[in-house]
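Residues in the sequence shown are numbered from 0 upward in steps of one, following this note's numbering.
We treat Cβ as the ideally placed atom computed from N, Cα and C, and that holds for glycine.
Bear in mind the structure is a predicted one, so any value in this text is a computation, not a measurement.
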Amino acid sequence: MIGAAIYELLNVTAITDLVNDISPMVASNGKTAPYIVFNERGKPEDFKGGYSVVNYDLSIDVYAKKGRDNSGGKAYLLQLYDLIEPIMNRYTGVVAGININSIYQVDQYYRYDEMSEAARLTIEYKVRVNK
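Below is the structure:
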């Protein structure tokens, strides 16, 4: 599980000044957009006698506030992407006691979220962790 490390990487003033919440899986109860939600899925690399590396798929979803900038919030999401990408992409090191070998961005896409009536950004990463 890498949730604590991801939270610590995203929980910096430049980002927290622009969002109301950073949470794993779902936004915290009672929090309104803008917020960040992240999800992870890990699979160990099987080796003879066990494993020492776990590979994760990480998805970070950023939800804009409804009608934030006359484009449903896309300009706002671009601003947040410009803050998140240099922190996450190609990160390596130990954070929250987790030894991250590498984080690489594999995709990003913007879309209009009909339920929230605002723009939503999804950034997908591959994360390799040494056990």
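From Val94 to Ile59, what distance separates their C-alpha atoms?
Straight-line Cα distance between these residues: approximately 18 Å.
Can you tell me where the alpha helix (DSSP H) with Arg108 in it begins and where it stops?
The question names Arg, but residue 108 in the sequence shown is Tyr. No alpha helix (DSSP H) holds Tyr108; the beta strand (DSSP E) holding it covers Ile97 to Asp112.
Can you name the start and end residues of the beta strand (DSSP E) that Leu57 belongs to?
In the DSSP assignment, Leu57 falls within the unbroken beta strand (DSSP E) covering Val52 to Tyr62.
Decide yes or no for the touch test of the segment 45-52 against the segment 13-24: beta carbon pairs closer than 8 Å, at least 3 of them.
A contact between stretches requires three or more CB pairs, one per stretch, nearer than 8 Å, and the segment 45-52 fails this requirement with the segment 13-24.
For Lys30, collect the residues of the same chain with a Cβ closer than 7 Å to its Cβ; drop the 5 residues on either side in sequence, then sort them by chain order.
So the qualifying residues of the chain are Asn19 and Asp20.
Answer with buried or exposed for Gly41, where buried requires no fewer than 16 other C-beta atoms within 10 angstroms of its C-beta.
Under this definition Gly41 is an exposed residue.
Three-state secondary structure (DSSP) of Ala3:
The answer is helix: DSSP assigns Ala3 an H, G or I state.
Determine the burial state of Gly92: buried for a count of at least 16 other Cβ atoms within 10 Å of its Cβ, exposed for fewer.
Around the beta carbon of Gly92, fewer than 16 other beta carbons sit within 10 angstroms, so the residue counts as exposed.
Apart from the five residues just before and just after Gly96, which ones in its own chain have a Cβ nearer than 6 Å to its Cβ?
For Gly96, where only same-chain residues beyond five positions count, there are no Cβ hits under 6 Å.
Runs of 3 residues minimum, wholly inside the segment 20-50: which ones carry the beta strand (DSSP E) assignment?
Secondary structure in the segment 20-50: the beta strand (DSSP E) runs of 3 residues or longer, each lying completely within the stretch, are 21-23 and 34-43 in chain order.
Grab me the residues of Asn54's own chain with a C-beta within less than 6 Å of its C-beta, minus the 5 sequence neighbours each way, in chain order.
Cβ neighbours of Asn54 beyond the five flanking positions: Lys42 and Arg127.
Bridge partners for Gly92 per DSSP, in chain order?
Looking at the DSSP output, Gly92 sits in a beta bridge with Ile99.
Beta-bridge partners of Val128, as assigned by DSSP:
Note: Val128 sits in a beta bridge opposite Val53 and Ile99.
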